[in-house]
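What follows is a single structure, written as structure tokens, with notes after it.
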Amino acid sequence: MAVFQAALVNEIEKLYKKKKALVAIVLSLAVIIIGQLAIVGVRSGFGLRGVGSVEFPMLVLSVVVNTILPLFTALVAIDSFSGEYSQNSMRITLTRPVSRFKIFTAKISAIVLFILATLLMLLIFSMLVGLIFNTNSTTWDSISRTFFAYLVSLFPMIVLALGIVMLANLFKNGISVFFVSILAFIVLEVLGVVFSQYSSLFLTSQLDWYNLFLINSFPLGKIVRQFMIMLGSGIMLFTAGFYLFDKKEF
Amino acid sequence: MEKIIEIINLSKSYRNGRGIEDINLNIYKGDIFGFLGPNGAGKSTAMKIMTGLIRPDRGDVKIFGHSVTEEYELAMKKVSCLIETAESYSYLSAFDNLKQLARYYPDVDHQRIDEVLELTGMSKYKNEKPKKFSLGMKQRLGLSAAVLSRPEVVILDEPLNGLDVEGMIDIRKMIQHLAEKEQTTFFISSHLIHDVELTCNRIGVIYNGKILNVDSTQTILNNYATLENYFVSEVQRNGRISSCTR
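Line by line, the protein sequences give chains L and X.
In terms of the working numbering, the first sequence opens at residue 4 and continues consecutively.
In terms of the working numbering, the second sequence opens at residue 367 and continues consecutively.
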């Protein structure tokens, strides 16, 4: 456990020191400010209501889970694997008394922590901005639902990250991984529209699964089914990614 | 004598036909073993297998009795290495680079990091990032990383790459000091014959992926004027045998 902990601390330090993760978080926060300014503009310019204080974080979430969050997840995941392959710096860790499984798991854990940190930052800032700019009544129930919606958005992002990590271990350079990831994302989006009856199977549709938690009737059966699909895909992608990583020669 | 590294029937072939074939070697405690061979002879391949960077087609390497393919963490617990070029994270300072490695060893603290940076003459650059370092400075940082954990075995692949004469002498002294005072076992590959002669006490010659001979430096120098003469003689003898069997 101590060895895994050391590997995880190292991965987090590398993410932090590279500043890419920090830039990603700052840009995410910029989206909130721009979004809020747009809403203020609409309200004062056209006299429309825009959104309420609790609706604003949900509006932010609906935008980021389909755009910048997958993009930043892809960048961090690619950098963590392909970036180190291209600079040969993966050898630094691989030649220490730590197994490849622990290195792989530590890297994945660091990516998951990055996604979680970004989601929490987005939640806190969007709530603060929502409360400051849109003064109307807020209930604890709506706050807890918003919090939960942000939290569960982590799961499809983890599956997405695992998919990108698998691609990073399949292709030689980071640019190929990035373009194949974008292509796969677009194809899945299109498939989700064309074959809408099977859309729950596609990862891109699962990015919006937080909406299931906002329905008053709480569709437990559907939530469990979606979760199991994500869990299954996650396990398969993790196994495939690790298999490729373990076989890799440096 | 205690056997530290055991290389058993190690084979690995690449698509281009190069690689190593049936290498058998034993390294004992306190050895400064020189792995001598020309470019492309298979030195780096053997060393990469020894450090788990690539997997062998056949055979195994045991370090302190633990297989590197089966029990990697145990095998590498008291081992440190520098393979080909000294790698470092360009966005971390020299000190932070070593701090990353120190986390894997509970008894390595900040004081030890300062100590190894001093030992390799890098202490004045400890807060600088390696992207501005020369090849020699990067190599010194790599050597600092290799001795950081007070390893009992150090595997060095071409450790003098990019070093100036002063650097070569410093590193040679450091290797001899660690072997004498701390009984550290070294496995060093090099194509620099003169340097192997001055540093190592046992020498193995590898040529075309095969081990030609292993002997102590003393015995070799008793029979040959220089190590270079011995190397040429071994290679020529092998060449004759190869051409006879063709």
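For every residue, glycine included, the Cβ atom is placed at its ideal position computed from N, Cα and C.
Note that this is a predicted model, so its numbers are computed, not measured.
For residue i, which three-state DSSP category applies?
i        : result
X:HIS432 : strand
X:ARG516 : coil
L:LYS251 : coil
X:THR551 : strand
X:PHE399 : strand
L:GLU14  : helix
X:TYR573 : strand
L:TYR246 : helix
X:ASN604 : helix
X:TYR394 : strand
X:GLU450 : coil
X:ASN588 : helix
X:ARG568 : strand
L:LYS22  : coil
X:GLU387 : strand
L:ILE218 : coil
Quick one: Cα of residue i to Cα of residue j, how far?
i        : j        : result
X:GLY533 : L:ALA113 : 38 Å
L:SER65  : L:LYS110 : 27 Å
L:SER199 : L:ILE189 : 15 Å
X:LEU587 : X:LYS395 : 22 Å
L:PHE148 : L:ILE185 : This sequence places Arg at residue 148 of chain L; Phe is not what is there. Taking the straight line from one Cα to the other gives about 31 Å.
X:GLU368 : X:ASP475 : 30 Å
L:VAL43  : L:ILE81  : 37 Å
L:ALA10  : X:LYS498 : 26 Å
X:VAL427 : X:ASP397 : 17 Å
L:GLU14  : X:GLU548 : 32 Å
L:SER31  : L:LEU78  : 14 Å
L:LEU204 : X:PRO517 : 51 Å
X:ARG421 : X:ASN382 : 17 Å
L:VAL132 : L:LYS251 : 47 Å
X:GLN477 : X:ARG469 : 13 Å
X:ILE429 : L:PHE150 : 52 Å
L:VAL6   : X:GLU437 : 15 Å
L:ALA164 : L:PHE107 : 13 Å
X:ARG603 : X:TYR596 : 10 Å
L:VAL197 : L:PHE181 : 24 Å
L:MET93  : L:PHE230 : 33 Å
L:PHE84  : L:ALA41  : 37 Å
L:PHE174 : L:ASN91  : 15 Å
L:THR142 : X:GLU439 : 53 Å
I'd like to know whether the C-beta atoms of residue i and residue j end up nearer to each other than 9 Å.
i        : j        : result
X:GLY408 : X:ILE386 : yes
X:VAL513 : X:SER459 : no
X:LEU507 : X:SER454 : yes
L:LEU215 : L:ILE232 : no
X:LEU635 : L:THR96  : No answer is possible for residue 635 of chain X: it lies beyond the span of chain X, which begins at 367 and ends at 612.
X:ILE370 : X:THR551 : yes
X:THR486 : X:ILE537 : yes
L:ILE118 : L:THR70  : no
L:LEU74  : L:LEU122 : no
X:ASP560 : X:GLU524 : Rather than Asp, the amino acid found at residue 560 of chain X in this sequence is His. It is not a contact, given that the beta carbons lie outside the stated cut-off.
X:ALA441 : X:ALA511 : no
L:LEU126 : L:PRO60  : yes
X:LYS490 : X:ILE479 : no
X:ILE389 : X:ILE577 : yes
L:SER156 : L:LEU72  : yes
X:TYR573 : X:VAL601 : yes
L:VAL67  : L:VAL34  : yes
X:ILE410 : X:GLU450 : Note on identity: in this sequence residue 410 of chain X is Ser, with Ile being the wrong assignment. Against a cut-off of 9 Å, the Cβ pair of X:GLU450 and X:SER410 comes out as a contact.
Residues in its own chain within less than 6 Å of residue i by CB, not counting five upstream and five downstream?
i        : result
X:THR592 : none
L:SER236 : VAL162
X:LYS492 : ALA460, PHE461 and LEU483
L:PHE241 : LEU165
L:VAL115 : ILE161
Would you mind giving the Cβ-Cβ distance between residue i and residue j, rounded to the nearest angstrom? I have them listed as a contact below 8 Å.
i        : j        : result
X:SER582 : X:ASN567 : 6 Å
X:VAL580 : X:LEU391 : 7 Å
L:TYR201 : L:ALA152 : The Cβ separation is near 24 Å, so there is no contact.
L:GLY177 : L:GLY86  : 6 Å
L:PHE253 : L:ASN172 : Incorrect: roughly 12 Å between the Cβ atoms, too far for contact.
L:LEU206 : L:GLY166 : 7 Å
L:VAL26  : L:SER129 : Not a contact, Cβ separation roughly 19 Å.
L:PRO100 : X:LYS539 : About 28 Å separates the two Cβ atoms, so there is no contact after all.
In chain A, what lies closer than 8 Å to residue i by C-beta?
i        : result
X:THR435 : Absent from the structure is chain A; the protein chains it does hold are L and X.
Leaving out five residues before and five after residue i in sequence, what residues of the same chain have Cβ atoms less than 7 Å from its Cβ?
i        : result
L:ALA243 : MET169
X:ILE521 : MET413, MET416, THR417, VAL445, CYS447 and PHE553
X:VAL562 : GLY400, LEU402, SER556, ILE569 and LEU593
L:LEU217 : ARG148 and ALA152
X:THR611 : At X:THR611 the pLDDT is 46, less than 50, meaning the model places this residue with poor confidence and gives no usable figure here.
X:GLY425 : ILE374, ASN375, LEU376 and SER377
Who are the near neighbours of residue i in its chain, counting only those whose CB is closer than 8 Å to its CB and skipping five residues on each side?
i        : result
X:TYR471 : LEU514 and SER515
X:GLY528 : SER500, LEU501, GLY502, LYS504 and GLN505
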